[in-house]
Amino acid sequence: MNKTGKNPFCAAPNSYLRETVRPFVRFVHVLRGLGVRVSVAETVDALNALAHIDLLDRRQAKVALASTLVKNSHDRRTFEAAFETFFTPPDGDTPPPEKPPSSPACPAENVDGVDGDAGGEKEGYGTKGNERDWGKEILDLLAHTVEKNERLSIKPGWIKRQLAEQGAPLSQRGTEGPLLPQARAASHSASAWLKQAVKYFGQKKKPFLAPAGAALGGEDDVIGAVTQRIWEEGGDSEDLLYENMKNIAAEDLPRVTVLLKRLSRHLATRISRRYTRQHQKVRLDIRRTIRVNTSYGGVLLKLKYQARRAQKPRLVLICDVSGSMSYYAVFAILFVYGLASVVKNIEGFIFAENLERVTPHLKKGNSFVQTMSVLVEKCSQWGGGTNLAAALSEFLKDHRRLLTPATTVILVSDAQTILPEKAVNYLREMRSLAKDIVWLNPLPSEEWKFSPSIFDFMEHCRMHECSSIDQLNKIITGHMLPRAR
Amino acid sequence: MNLKELTVERVHGLLEEHGYICERELAVTVYLALKLEKPLLVEGAPGVGKTEVAKVLSRAFNCELIRLQCYEGLDENKALYEWNYQKQLLKIQMHKEGMGGDLSESDLFSNDYLLERPLLRALRSGQKTVLLIDEVDKVEEEFEAFLFELLSDFQVSIPEMGTLSAANIPIAVLTSNKERELSDGLKRRCLYLYIDYPSVEKEVRIITTKVPEAAPKLAREVALAVSLIRSNRSIWKKPSISESIDWARALVALGAKTLDQETIKQTLGVVLKNKEDMETVTREVGLKALAAAAQRA
Chain V
1 MNKTGKNPFC AAPNSYLRET VRPFVRFVHV LRGLGVRVSV AETVDALNAL AHIDLLDRRQ
61 AKVALASTLV KNSHDRRTFE AAFETFFTPP DGDTPPPEKP PSSPACPAEN VDGVDGDAGG
121 EKEGYGTKGN ERDWGKEILD LLAHTVEKNE RLSIKPGWIK RQLAEQGAPL SQRGTEGPLL
181 PQARAASHSA SAWLKQAVKY FGQKKKPFLA PAGAALGGED DVIGAVTQRI WEEGGDSEDL
241 LYENMKNIAA EDLPRVTVLL KRLSRHLATR ISRRYTRQHQ KVRLDIRRTI RVNTSYGGVL
301 LKLKYQARRA QKPRLVLICD VSGSMSYYAV FAILFVYGLA SVVKNIEGFI FAENLERVTP
361 HLKKGNSFVQ TMSVLVEKCS QWGGGTNLAA ALSEFLKDHR RLLTPATTVI LVSDAQTILP
421 EKAVNYLREM RSLAKDIVWL NPLPSEEWKF SPSIFDFMEH CRMHECSSID QLNKIITGHM
481 LPRAR
Chain A
1 MNLKELTVER VHGLLEEHGY ICERELAVTV YLALKLEKPL LVEGAPGVGK TEVAKVLSRA
61 FNCELIRLQC YEGLDENKAL YEWNYQKQLL KIQMHKEGMG GDLSESDLFS NDYLLERPLL
121 RALRSGQKTV LLIDEVDKVE EEFEAFLFEL LSDFQVSIPE MGTLSAANIP IAVLTSNKER
181 ELSDGLKRRC LYLYIDYPSV EKEVRIITTK VPEAAPKLAR EVALAVSLIR SNRSIWKKPS
241 ISESIDWARA LVALGAKTLD QETIKQTLGV VLKNKEDMET VTREVGLKAL AAAAQRA
């Protein structure tokens, strides 16, 4: 808080308040444009938080905004870049800090209080260099002149100059562009969109397409600058989450394996929860209660509750390893391997032109490389043509007993198969026997329209686009196994 | 506790005085949670000190710590309140046999028959309390939604008694291991704090604070070795701060003066808790290299 203990936002005239909060609201808009979900209530919390900290202290202000606006560790990096870009003059030609004038619209006691702080040498975060500039900037912010507000946040001219060197202004771009299909194909989420945008930006050195609805005046410039900044700062450890699985390099396999194992454990827990959960609440077991209380003459002194029965999940995984899936075959096997390491009742199959059971090869304790080499050596399906109908027919013939009302079938395939009509019929039959069929399709959903049979398959299963670990995670947590009611 | 007199420096000082070594950024968030009287949602890997935040706040402000340990299946009967059915039945039986006086329905649903669970106890406490809702990611979404009213207005609705508001707004701390994503509604009501694994310097401070018997050199070696293990991306379960502390304690108990290859081999199980990780460290890092890296301290 400032030294006077006064809240600079309280007791201010409406016009003053509007001008003061405007830059913060713009910052919130920038965050939203970058895919960070920020509610109005959180914006209000942020303003309240700023009123309680030392506004001269840039790091304090940053922490205050971060803890109120960003509620997800994945978004923290975006926030950091947005904050640095938004609140720091990007070209380093900051005019010398000037003493903030007392605005006639600003309550004198507030300005005096903050001003008093500015004059002294403070210990803490805001004592040197940029920290002091930040303090001055915030003081200017409170003085709320329009031109100073512009200087405080971002310099549209600078950003535009930078972007003009690389292409047309963001605001003039259309809604379609080279990035959009790629971004859509790669992810459902805005954060993943950002990652893809960063990647594209980095590779092509061209401005990327702003997300729909993000072009809000000058904010798209800030969003562009933030994205560039994130790219310049390099990738982080979570990039693999958003990477298309066909691009995963061999040296990243151990990391992917660890990520998938973690995810598989999550999936196993979810499945377990779904099957064991009989009731939303612990319920009174009337029969046992009456029985145990007969010795008290029927007076219900001891209550007995129904217990949940733990049931183990049953999973059947059928993975396409045909030629068209060659890019994703490793991903599919990694997924099977990861699940097999945490779920006991799992049956794994691979198919191309025929079906092969791989459960015996998924031995616990074997590393992924060992498992993969055994699978490649022992199985003959790799890289063949796709005949889903033959595979499902064989499954129904030889492994029908695996399909029970408690079985969830997970099918990993791009649905590029011969005899799709037959395959649809077999899929229908399997659906009638199993609890659920979840189809993970690595093809971008935009391309599904080019394979009409996909829509026939979708009538009998839940199909999700899935080409990255992040997407798999979202499917698992959000769609694949919704909680039982 | 006088919230008006709180400053960031004071909060930081209090946390460190009570053995919680942290950066000032963490203190700022805690300070804001106290000032704004909003719940603090703490996320991070297991063992980085999330629960400890609540414990330290309890000690620092001399408040009772009321802990609600979350688990799958937790419901309001176990978290908020339950009626004492047995006592109610006895009262009815006594009334039927003419042993009790007048009996109305409101008598049966009065405070006498109310069993307070942690959340209600925190709200009705005459003193300010620290309410720790631990591992909130373990509960179902329904219970999470049930917490909304409590966390936004510090009040709960009991059908038979109406709305009960907090006599003293508790310092609420929620922790999550991120086993699942919490709802936006819950997050919106909280201030957010993410605790990451500490830097080597910070970990040395933590170890020397928690294990004063450990020599500074040994503490530094442990911190460096743990940091090196954590940096290996193939590790399934990264060692937490509490495991670093346990390792330092184990080394002190064994009388080890330095972290050499043989000592690491004997005590690796203290810091790594599964076979795969031990094999990974042995294979990819190498115990000799680990000892050499640690001893460079």
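Protein chains in written order, with the numbering used here: chain V, 1 to 485; chain A, 1 to 297. Every residue, glycine too, gets a C-beta built ideally from N, C-alpha and C. None of these values were measured; they are calculated from a predicted model.
{"query": "Proximity to L80/A [Cα-Cα], best of K87/A, R67/A, Y197/A", "result": "R67/A"}
{"query": "Sub-7 angstroms separation of L440/V and V409/V beta-carbons", "result": "no"}
{"query": "7 angstroms Cβ cutoff, A51/V in contact with chain A", "result": "no"}
{"query": "Complete alpha helix (DSSP H) runs within the segment 349 to 428 of chain V (minimum length 4 residues, chain order)", "result": "368 to 378, 388 to 398"}
{"query": "Secondary structure of L440/V, DSSP reduced to three states", "result": "strand"}
{"query": "Close Cβ partners of R301/A (< 7 angstroms) along its chain, the five nearest in sequence each way excluded", "result": "The first residue shown for chain A is 1 and the last is 297, placing residue 301/A beyond what the model contains."}
{"query": "Per-residue contacts from Q60/V into chain A (C-beta, under 7 angstroms)", "result": "V8, V28"}
{"query": "Contact set between V495/V and chain A, taken where Cβ atoms lie within less than 7 angstroms", "result": "Because residue 495/V is not part of the residues shown, which for chain V are 1 to 485, the question remains open."}
{"query": "Environment of F457/V [buried if 16+ CB atoms lie within 10 Å]", "result": "buried"}
{"query": "Chain-ordered residues of the segment 31 to 57 of chain V with a beta carbon less than 8 angstroms from chain A", "result": "R37, S39, A41, E42, D45, N48, A49, H52, I53, D54"}
{"query": "Cβ of E221/A within 7 angstroms of any chain V Cβ", "result": "no"}
{"query": "Short CB-CB distance (under 7 angstroms) between K187/A and chain V", "result": "yes"}
{"query": "Inter-stretch contact at 8 angstroms, needing at least 3 Cβ pairs: the segment 118 to 132 of chain A / the segment 157 to 176 of chain A", "result": "yes"}
{"query": "L290/A at chain V interface by Cβ criterion, 7 angstroms", "result": "no"}
{"query": "Distance, H95/A Cα to S58/A Cα", "result": "45 angstroms"}
{"query": "Own chain residues within Cβ distance below 6 angstroms of H279/V, not counting five before or after", "result": "Low local confidence applies: a pLDDT of 42 at H279/V is under 50, so the model's placement there is unreliable, and no value is given."}
{"query": "Closer than 7 angstroms to chain A by CB, K281/V", "result": "Because the pLDDT of K281/V is 46, which lies under 50, any placement of that residue in the model is unreliable, and the question is left without a value."}
{"query": "CB contact below 7 angstroms: E25/A versus chain V", "result": "yes"}
{"query": "Residues in the segment 321 to 345 of chain V having any Cβ partner in chain A nearer than 9 angstroms", "result": "none"}
{"query": "CB contact below 7 angstroms: S73/V versus chain A", "result": "yes"}
{"query": "Beta-carbon proximity list for A340/V, same chain, < 6 angstroms, skipping 5 on both sides", "result": "I346, L362"}
{"query": "Beta carbon proximity, T175/A to chain V, threshold 7 angstroms", "result": "no"}
{"query": "Any C-beta of chain A under 7 angstroms from that of S67/V", "result": "yes"}
{"query": "Entirely enclosed alpha helix (DSSP H) segments - the segment 224 to 280 of chain A, minimum 4 residues", "result": "241 to 253, 261 to 271, 275 to 280"}
{"query": "Where the beta strand (DSSP E) containing M44/A begins and where it ends", "result": "A quick correction: the sequence has Gly, not Met, at residue 44/A. It spans 40 to 44 - the beta strand (DSSP E) in which G44/A sits, taken as one unbroken run."}
{"query": "Short CB-CB distance (under 7 angstroms) between V63/V and chain A", "result": "yes"}
{"query": "Selected residue, minimal CA-CA separation from M430/V, among F450/V, D414/V, L388/V, S451/V", "result": "L388/V"}
{"query": "Neighbourhood of L32/A by C-beta distance below 7 angstroms, restricted to the same chain and skipping five residues each side", "result": "L191"}
{"query": "CB of R188/A within 7 angstroms of CB of A41/V, strictly", "result": "yes"}
{"query": "Candidates T68/V, K62/V, H74/V, of which the one nearest T85/V by Cα", "result": "K62/V"}
{"query": "Beta-carbon proximity of V271/A to W247/A, cut-off 7 angstroms", "result": "yes"}
{"query": "8 angstroms CB neighbourhood of I245/A in its chain, flanking five on each side removed", "result": "I206, I207, K210, V211"}
{"query": "Cβ of L164/A within 7 angstroms of any chain V Cβ", "result": "no"}
{"query": "Through-space distance from M463/V to F87/V, alpha-carbon basis", "result": "44 angstroms"}
{"query": "Buried versus exposed call for P360/V [16 or more other C-beta atoms within 10 Å across all chains shown]", "result": "exposed"}
{"query": "Residues near N54/V in its chain [Cβ-Cβ closer than 6 angstroms; skip 5 each side]", "result": "It is Asp, not Asn, that sits at residue 54/V in the sequence shown. Q60."}
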